[in-house]
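Colleague: The structure follows.
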Amino acid sequence: MVHARIDTPRAVSSAPAGGWWARALALVGGLLLATAVARAEPLQPPFVDLANATLTPVRLALQWYPQSQFAGYYMAREKGIYRDFGLDVSLLHADATQGSLDLLRAGAADLATAFLADGIRAALGSHDETPPTSAGAEALVLVQVAQLVQRSHLMLVAWREMGVLSPSDLHGRRISHWQGSFSSVFEAFFAQHRIEPLRIPQFDSISLFLERGVAACAAMEYNEYHAIWQSGIDHERLTTVLMREVGLDFPEDGLYATTPWFATHPGIARAVRAATLAGWAYAREHPEETLDQVLREAARAGVPANRPHQRWMLEQLLEGIFPADDAPAGVLAPEAFTRTAQALLAAGLIARIPDFATFAPLEGRVP
Amino acid sequence: MNRLERQPWRHRLGTRLLLWTVGVTVLVLAAVILWSHFSVLDRLEVEARERAAFLAEGSADKIDAQLALLQGLVRGMALVLETQSLAVPFERLRVIQDEALRVYPQVYGMAVALLPELTPADWPASAPYVYRTPSGLGYLDLGAQEITYVGMDWFHLPRYLGRGAWSEPYEESTGVKMVTYSEPIQYRDASGSRFAGVVTVDIDLDWLDQVITALPVGIKGYGLIMTQRGTYLSHPMSALVFNESVFSIAEARADPALRTIGQRMVSGEPGLMEWVSWAQGEPSWLAWSPLATADWTVATVVSQAELQAEMRRLSQQDALVGLMGTLMLVLAIGLVARSITRPVQALSVAATTLASGNLEAPLPAPRGQDEVARLTAAFGTMRANLRRYIADLAETTAARERIHGELRIAHDIQMDLLPKTFAIFSGREDLDLFADMEPAREVGGDFYDFFLLDAQRLVIAIGDVSGKGVPAALFMAVTRSYLRAAFRADDDPGRALDRVNEDLAEGNDSCMFVTLFCAVVRLDDGGMSYANAGHNPPVVIDAQGHLDWIATPFGPAAAAIPGIRYTTGHYQLMPGAALLLYTDGVTEAMDRSDQLYGNERLARCLSTLAGVDSRATVGQLLADIRAHAAGAEQSDDITMLMLKRHAQSRDDREEYA
Chain A
25 MVHARIDTPR
35 AVSSAPAGGW
45 WARALALVGG
55 LLLATAVARA
65 EPLQPPFVDL
75 ANATLTPVRL
85 ALQWYPQSQF
95 AGYYMAREKG
105 IYRDFGLDVS
115 LLHADATQGS
125 LDLLRAGAAD
135 LATAFLADGI
145 RAALGSHDET
155 PPTSAGAEAL
165 VLVQVAQLVQ
175 RSHLMLVAWR
185 EMGVLSPSDL
195 HGRRISHWQG
205 SFSSVFEAFF
215 AQHRIEPLRI
225 PQFDSISLFL
235 ERGVAACAAM
245 EYNEYHAIWQ
255 SGIDHERLTT
265 VLMREVGLDF
275 PEDGLYATTP
285 WFATHPGIAR
295 AVRAATLAGW
305 AYAREHPEET
315 LDQVLREAAR
325 AGVPANRPHQ
335 RWMLEQLLEG
345 IFPADDAPAG
355 VLAPEAFTRT
365 AQALLAAGLI
375 ARIPDFATFA
385 PLEGRVP
Chain B
20 MNRLERQPWR
30 HRLGTRLLLW
40 TVGVTVLVLA
50 AVILWSHFSV
60 LDRLEVEARE
70 RAAFLAEGSA
80 DKIDAQLALL
90 QGLVRGMALV
100 LETQSLAVPF
110 ERLRVIQDEA
120 LRVYPQVYGM
130 AVALLPELTP
140 ADWPASAPYV
150 YRTPSGLGYL
160 DLGAQEITYV
170 GMDWFHLPRY
180 LGRGAWSEPY
190 EESTGVKMVT
200 YSEPIQYRDA
210 SGSRFAGVVT
220 VDIDLDWLDQ
230 VITALPVGIK
240 GYGLIMTQRG
250 TYLSHPMSAL
260 VFNESVFSIA
270 EARADPALRT
280 IGQRMVSGEP
290 GLMEWVSWAQ
300 GEPSWLAWSP
310 LATADWTVAT
320 VVSQAELQAE
330 MRRLSQQDAL
340 VGLMGTLMLV
350 LAIGLVARSI
360 TRPVQALSVA
370 ATTLASGNLE
380 APLPAPRGQD
390 EVARLTAAFG
400 TMRANLRRYI
410 ADLAETTAAR
420 ERIHGELRIA
430 HDIQMDLLPK
440 TFAIFSGRED
450 LDLFADMEPA
460 REVGGDFYDF
470 FLLDAQRLVI
480 AIGDVSGKGV
490 PAALFMAVTR
500 SYLRAAFRAD
510 DDPGRALDRV
520 NEDLAEGNDS
530 CMFVTLFCAV
540 VRLDDGGMSY
550 ANAGHNPPVV
560 IDAQGHLDWI
570 ATPFGPAAAA
580 IPGIRYTTGH
590 YQLMPGAALL
600 LYTDGVTEAM
610 DRSDQLYGNE
620 RLARCLSTLA
630 GVDSRATVGQ
640 LLADIRAHAA
650 GAEQSDDITM
660 LMLKRHAQSR
670 DDREEYA
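Chains A and B, in that order, are what the protein sequence lines are.
Counting the first sequence from 1 gives a position; my numbering is that position plus 24.
Counting the second sequence from 1 gives a position; my numbering is that position plus 19.
Here's what the structure looks like:
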């Protein structure tokens with residue numbers, strides 16, 4: 025009943041726990057290393073003398089419970105890739121009520137994953153906190169370190185048996201969708217179709233939808249959509265709308281840092297970006313080993329998980345991270361950024377479009 | 020006995036009895052066992068299906084009963100809060116919560132969680148929660164947790180469904196896996212009714228396991244519970260619980276059929292199907308039944324193999340009993356066969372000895388009243404009869420031997436009475452006489468005779484006494500004596516017969532009679548006087564082969580009636596002619612089909628024999644008669660006498676004279 029599934033204080037760390045002085049030392053060492061790395065371009069291959077160097081502790085907040093969505097992070101940590109980059113990365117998991125960006129802003133994390141749309145909104149301070157007043161026009165709350173998932177997996181799933189055959193049928197109906205990080209896209213979608221459904225907050229479960237408590241619910245193609253199928257509901261019984269297919273293809277998981285943190289740790293940010301991508305590459309090469317790890321993470325967190333579901337998710341994620349056209353991974357395309365920002369602007373969710381270079385300071389500089 | 024010992028075992032009566040009886044019994048027994056096996060198997064299979072379905076339904080009822088209790092508890096508390104408009108003193112609420120956990124051991128935890136804005140001001144917590152710890156009851160305020168409960172299914176579902184709902188299984192931070200049932204509390208005020216919070220009850224999945232484990236599904240059977248999403252709440256394979264659903268397994272196995280089965284199972288309809296158990300790998304019956312209190316399905320898996328093993332055990336027992344019965348039957352049949360065959364064998368040995376002629380060998384003593392005993396008794400009677408018969412036979416044979424010997428002597432004597440020297444006409448080439456008698460038995464009633472009255476006259480006679488055998492022979496001897504005596508007194512044949520008749524008729528108490536023909540032939544000219552007393556008419560064959568039957572004069576047979584006068588006839592025997600006297604043994608000789616030889620055949624045969632001398636003629640005739648009889652037994656004496664006058668002999672005689 026307590027539901028303390030995400031054990032934030034006991035975040036799994038890749039390095040042995042030390043006293044605070046050790047952390048301080050590591051921080052100093054990490055800073056030194058980061059500046060060193062930043063100077064010595066290109067970054068690859070990173071070399072750290074493990075015997076002598078101390079690792080830089082980094083707290084990375086992931087935006088949901090343990091699942092294949094974060095497989096690359098787990099593998100980067102488990103396979104020592106972060107360590108190879110001189111990092112001691114602690115992975116924190118957000119949950120339905122406490123988003124990863126909340127953790128970031130609260131200072132509980134150094135880096136956080138978030139969808140691009142949320143990243144843009146959060147960067148502009150359009151979240152439920154007062155925008156920075158003293159900052160200049162281009163001052164952003166957050167900056168993006170990497171854009172991992174290049175496409176949108178967000179979708180709406182509705183019961184055909186409840187009379188929903190097209191988006192317009194949703195007008196006036198009960199729809200549940202995630203709040204916070206996810207709601208902007210749906211708002212854009214509703215605005216697009218000029219429908220005004222009865223919005224009900226959606227949390228970490230699709231039970232309300234399966235119990236027919238709502239006519240439609242939000243779903244990630246890689247997660248809930250498949251979970252619904254895995255609840256014995258055949259696809260033919262559903263009306264589905266993939267946001268990326270209705271012009272709302274907004275890139276998803278990206279890596280963010282607060283502007284002040286990034287200003288002082290650009291090297292570490294680069295190292296995290298590179299190591300994370302290497303972790304994803306490893307996951308792509310070793311899917312079964314990766315699934316083993318994901319299932320271990322889920323079991324440790326007490327989250328129900330089964331292998332075929334996690335495999336489905338991993339496949340979806342890998343497709344989203346590694347574009348078919350062999351374009352470089354982890355890169356935020358200016359067009360995608362503009363498209364997302366314009367949609368947000370059009371939906372009235374942001375007042376202006378942030379400067380691309382300011383928002384994604386690493387783009388164009390990382391090969 | 021040795022002969023029987025050497026008999027091959029398969030030919031023995033006992034063996035055959037044993038083989039047949041036991042063979043048929045074993046066949047019948049096997050058929051019965053097989054039939055019973057399969058019919059019972061069928062019935063048990065139907066029963067197993069029904070049992071599986073019944074079990075699933077019963078299990079569902081049982082779990083429903085338990086869950087309904089808890090739902091009642093939760094609903095009751097919700098009602099209390101609703102009717103009091105949430106104004107229940109916090110301490111009292113806590114007392115109720117603690118008491119509920121004491122009364123319901125199956126409850127893991129219980130909460131009343133209200134929307135923070137509707138929480139009564141005097142409540143120190145918005146979501147008081149009582150739960151079990153190893154050391155007693157624990158308490159905490161869920162509202163004071165880092166994570167708010169508003170997003171939890173147990174709060175969220177009743178809030179938006181407006182009814183009680185079960186959560187999917189989840190894991191507590193303490194590692195306890197549970198499901199939660201929550202009932203909404205409606206708050207009513209002037210503005211109407213609205214959702215205020217929930218009352219919940221937690222159930223440890225282990226408790227569901229216990230309920231399921233208690234189901235009587237056999238050693239290899241098991242029960243399981245799944246949610247509407249196909250997620251296992253309880254399953255003997257604990258790895259499946261919580262993480263896996265029937266659909267995830269179907270996906271992992273790439274088994275669309277399993278997915279369909281899962282869809283049927285969570286459809287809310289009961290069902291039954293054949294199934295290979297996952298936990299045991301056993302062919303089983305899978306039956307499921309939906310719960311009334313939750314969107315869950317209870318399923319039971321009942322092993323077919325276990326059932327079949329039970330059935331096999333039953334059949335094996337049958338077979339064992341059958342085998343023992345058969346062995347006893349073999350023993351019993353063996354004993355019965357022995358009790359039958361032993362006296363039969365003994366009897367058989369005795370019979371063999373009997374057959375070898377030893378009638379003195381002892382027979383086995385008959386025991387009891389059965390067929391063998393009666394057979395033995397019959398054998399005893401037979402042996403006694405045989406012994407008596409053989410004794411009689413020996414006696415009779417001795418008597419017959421004696422009679423036979425005497426008859427032989429009588430035969431010899433009779434033959435001696437008949438003249439055998441036919442060369443009585445010494446120096447006469449013109450006359451030729453031959454006679455023969457073939458008696459049907461040792462002695463006969465026929466006779467012939469010839470003698471010279473003087474140098475010129477020859478008496479020839481033939482007779483046939485009525486009857487056969489010794490009396491006839493004796494009568495014949497007497498007749499012959501009388502005839503010779505009569506001719507010595509008077510040479511006229513008629514008168515000679517008169518005399519013979521008188522002599523024979525006198526004192527003829529046995530009423531015998533005799534047919535007689537006698538003739539006196541003058542040797543020089545062939546003139547013949549004759550008389551006939553009831554005898555077959557003689558026949559004369561002339562030189563040309565013409566026949567002349569001498570039928571008259573003819574008188575009655577002699578010896579029957581006294582005082583008869585016989586007439587004398589006269590006949591001239593021409594040169595070249597032959598006179599044949601014969602008895603009815605010739606003309607009445609019968610073949611196998613009782614056809615008589617007859618006068619015609621006699622005449623035919625005779626006419627071919629003209630010019631042949633008497634001995635040859637008689638020989639030929641006899642041969643012809645035997646040819647006619649063709650082996651048929653001779654019924655009467657055959658007697659023939661022939662006198663022939665040769666045609667060309669006169670000159671010779673004259674020359675000779």
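Just so you know, even glycine gets a beta-carbon here, dropped at the ideal spot from N, CA and C.
Quantities reported herein were computed from a predicted structural model and do not represent experimental measurements.
In three-state terms, what does DSSP make of B/N551?
Modeller: As a first step, residue 551 of chain B is located in the second sequence; it is residue number 532 there, counting from the start. Reduced to three states, the DSSP call for B/N551 is strand.
Colleague: To the nearest angstrom, how far is it from the Cα of B/M659 to the Cα of B/A410?
Modeller: Here residue 659 of chain B corresponds to residue number 640 of the second sequence, with the count starting at 1. Here residue 410 of chain B corresponds to residue number 391 of the second sequence, with the count starting at 1. Answer to the nearest angstrom: the Cα atoms are 44 Å apart.
Colleague: Taking 8 Å as the threshold (beta carbon to beta carbon), is B/H175 in contact with chain A?
Modeller: For the purposes of this step, residue 175 of chain B is taken as the residue at position 156 of the second sequence. Yes, contact with chain A.
Colleague: Can you give, in chain order, each stretch of the beta strand (DSSP E) that sits fully within the region 561–619 of chain B and has at least 3 residues?
Modeller: The region 561–619 of chain B contains these whole beta strand (DSSP E) runs: 566–568, 588–591, 597–601.
Colleague: Is it the case that the CB of B/R584 approaches a heavy atom of the ligand PLP more closely than 7 Å?
Modeller: In terms of ligand content, the structure shown is empty, and the ligand PLP therefore cannot be addressed.
Colleague: Under DSSP, the beta strand (DSSP E) around A/P311 begins and ends at which residues?
Modeller: Numbered from its first residue, the first sequence carries residue 311 of chain A at position 287. From DSSP, A/P311 is part of no beta strand (DSSP E) but of the alpha helix (DSSP H) over 311–325.
Colleague: What would DSSP say about B/L359, mapped onto helix, strand or coil?
Modeller: In the second sequence, the residue the question calls residue 359 of chain B occupies position 340. Note that residue 359 of chain B is Ile in the sequence shown here, rather than Leu. Helix.
Colleague: Is there at least one Cβ from chain A nearer than 8 Å to B/D274's Cβ?
Modeller: Within the second sequence, numbered from 1, the residue matching residue 274 of chain B stands at position 255. It does not: the Cβ of B/D274 has no partner Cβ on chain A nearer than 8 Å.
Colleague: Using a Cβ-Cβ cutoff of less than 6 Å, which residues in the same chain neighbour B/N527 once the five nearest sequence positions on both sides are dropped?
Modeller: As a working mapping, residue 527 of chain B is identified with position 508 in the second sequence. Result list for B/N527: A578, in chain order.
Colleague: To the nearest whole angstrom, what separates the beta carbons of A/L222 and A/R197, a pair I think is in contact under 8 Å?
Modeller: For the purposes of this step, residue 222 of chain A is taken as the residue at position 198 of the first sequence. For the purposes of this step, residue 197 of chain A is taken as the residue at position 173 of the first sequence. 7 Å between Cβ atoms; contact.
Colleague: Could you spell out the range, first to last residue, of the alpha helix (DSSP H) harbouring B/G95?
Modeller: For the purposes of this step, residue 95 of chain B is taken as the residue at position 76 of the second sequence. Segment 32–102, the alpha helix (DSSP H) holding B/G95.
Colleague: How should B/K663 be labelled, buried or exposed, when 16 other C-beta atoms within 10 angstroms of its C-beta is the threshold for buried?
Modeller: Position 644 of the second sequence, counting from 1, holds the residue named residue 663 of chain B. It counts as buried.
Colleague: Can you tell me whether DSSP reads B/M171 as helix, strand or coil?
Modeller: Along the second sequence, read from residue 1 onward, the residue named residue 171 of chain B stands at position 152. It is coil, neither helix nor strand.
Colleague: How many angstroms separate the CA atom of A/Q254 from the CA atom of B/W185?
Modeller: Residue mapping note: residue 254 of chain A aligns to position 230 of the first sequence, counting from 1. Residue mapping note: residue 185 of chain B aligns to position 166 of the second sequence, counting from 1. Going by the C-alpha atoms only, they are around 19 Å apart.
Colleague: Pop quiz: A/A138 and A/S124 are said to be a contact at Cβ under 8 Å. What is the actual Cβ separation, rounded to whole angstroms?
Modeller: Residue numbering aside, residue 138 of chain A sits at position 114 when the first sequence is read from its first letter. Residue numbering aside, residue 124 of chain A sits at position 100 when the first sequence is read from its first letter. Sure, about 6 Å apart at Cβ, within 8 Å.
Colleague: Assuming A/V209 contacts A/L272 under a Cβ cut-off of 8 Å, what Cβ separation, rounded to an integer in Å, is found between them?
Modeller: Within the first sequence, the letter at position 185 stands for residue 209 of chain A. Within the first sequence, the letter at position 248 stands for residue 272 of chain A. That belief holds up - the Cβ atoms of A/V209 and A/L272 are roughly 5 Å apart, short of 8 Å.
Colleague: Can you tell me the Cα-Cα spacing of B/A258 and B/Y168, whole angstroms?
Modeller: To locate residue 258 of chain B, count along the second sequence from 1; it is residue 239. To locate residue 168 of chain B, count along the second sequence from 1; it is residue 149. Taking the straight line joining both Cα atoms gives about 28 Å.
Colleague: Could you tell me the alpha carbon to alpha carbon distance between B/I166 and A/F227, rounded to whole angstroms?
Modeller: Position 147 of the second sequence, counted from the first residue, corresponds to residue 166 of chain B. Position 203 of the first sequence, counted from the first residue, corresponds to residue 227 of chain A. Taking the straight line from one Cα to the other gives about 12 Å.
Colleague: Counting only Cβ pairs nearer than 8 Å, list the residues of chain A close to B/A271.
Modeller: Here residue 271 of chain B refers to the residue found at position 252 of the second sequence. The answer, in chain order, is N330, R331, P332.
Colleague: Closer than 8 Å between beta carbons: that is the criterion. Which residues of the region 242–266 of chain B meet it against chain A?
Modeller: Listed in sequence order: Q247, R248, G249, T250, F261, N262, E263, S264, V265, F266.
Colleague: Check whether the Cβ atoms of B/S485 and B/F536 lie closer than 8 Å to each other.
Modeller: Residue 485 of chain B sits at position 466 when you count from the first residue of the second sequence. Residue 536 of chain B sits at position 517 when you count from the first residue of the second sequence. No, the Cβ-Cβ distance between B/S485 and B/F536 is not below 8 Å.
Colleague: Report yes or no: do three or more beta-carbon pairs, one from the region 459–468 of chain B and one from the region 629–644 of chain B, lie closer than 8 Å?
Modeller: Touching, no, given that fewer than three Cβ pairs across the two stretches are closer than 8 Å.
Colleague: Quick check on A/Q93 - is its C-beta less than 8 Å from some C-beta in chain B?
Modeller: Along the first sequence, read from residue 1 onward, the residue named residue 93 of chain A stands at position 69. Chain B contact via Cβ: absent.
Colleague: Comparing the C-beta of B/Q337 with each C-beta of chain A, is any distance below 8 Å?
Modeller: The sequence position of residue 337 of chain B within the second sequence is 318, counting from 1. Looking at the sequence shown, residue 337 of chain B is not Gln but Asp. By this cut-off, B/D337 is not an interface position.
Colleague: May I ask you to list, following chain order, the residues of the region 76–108 of chain B that have a beta carbon less than 8 Å from some beta carbon of chain A?
Modeller: Under the 8 Å Cβ criterion, the region 76–108 of chain B contributes no residue.
Colleague: In the structure shown, what three-state DSSP assignment does B/V462 receive?
Modeller: Taking the second sequence and counting its residues from 1, one reaches residue 462 of chain B at position 443. The answer is coil: DSSP assigns B/V462 none of H, G, I, E or B.
Colleague: So is A/C241 buried or exposed if we call it buried at 16+ other beta carbons inside 10 Å?
Modeller: Here residue 241 of chain A refers to the residue found at position 217 when the first sequence is read from its first residue. The residue in question, A/C241, is buried, as its Cβ has 16 or more Cβ neighbours within 10 Å.
Colleague: Apart from the five residues on each side of it in sequence, which residues of its chain come closer than 6 Å, Cβ to Cβ, to B/G513?
Modeller: The residue labelled residue 513 of chain B in the question sits at position 494 within the second sequence. Counting only Cβ-Cβ distances below 6 Å, and skipping sequence neighbours, we find A550, Y585, T586, T587.
Colleague: Is the Cβ-Cβ distance between B/G553 and B/T571 less than 8 Å?
Modeller: To locate residue 553 of chain B, count along the second sequence from 1; it is residue 534. To locate residue 571 of chain B, count along the second sequence from 1; it is residue 552. For B/G553 and B/T571, no; Cβs fall outside 8 Å.
Colleague: Based on Cα-Cα distance, which residue from B/W315, B/W304, B/E288, B/E263 lies nearest to A/Y319?
Modeller: Indexing the first sequence from 1 puts residue 319 of chain A at position 295. Here residue 319 of chain A is Leu; the residue named in the question, Tyr, does not match the sequence. Closest by alpha carbon: B/E263.
Colleague: When the Cα atoms are used, what is the spatial distance from B/T34 to B/L48?
Modeller: Within the second sequence, residue 34 of chain B is the residue found at index 15, counting from 1. Within the second sequence, residue 48 of chain B is the residue found at index 29, counting from 1. So the alpha carbons of these two residues sit roughly 20 Å apart.
Colleague: Tell me A/I219's beta-bridge partners as DSSP assigns them.
Modeller: As a working mapping, residue 219 of chain A is identified with position 195 in the first sequence. According to DSSP, which records beta bridges pairwise, A/I219 is partnered with nothing at all.
Colleague: Roughly how many angstroms separate the alpha carbons of A/L55 and A/V296, rounded to a whole number?
Modeller: Indexing the first sequence from 1 puts residue 55 of chain A at position 31. Indexing the first sequence from 1 puts residue 296 of chain A at position 272. Per-residue confidence for A/L55 stands at a pLDDT of 43, beneath the threshold of 50, marking its modelled position as unreliable; no derived number is given.
Colleague: Give me the chain A residues within the contact set of B/Q282, using Cβ-Cβ distance strictly less than 7 Å, ordered along the chain.
Modeller: The count along the second sequence starts at 1 and reaches residue 282 of chain B at position 263. Going along chain A in sequence order, the residues near B/Q282 (Cβ under 7 Å) are G256.
Colleague: Quick check on A/E235 - is its C-beta less than 8 Å from some C-beta in chain B?
Modeller: In the first sequence, residue 235 of chain A corresponds to position 211, counting from 1. So, interface residue.
Colleague: Indicate whether A/I345 and A/A353 have their beta-carbon atoms separated by less than 8 Å.
Modeller: In the first sequence, the residue the question calls residue 345 of chain A occupies position 321. In the first sequence, the residue the question calls residue 353 of chain A occupies position 329. The answer is yes: Cβ separation under 8 Å.
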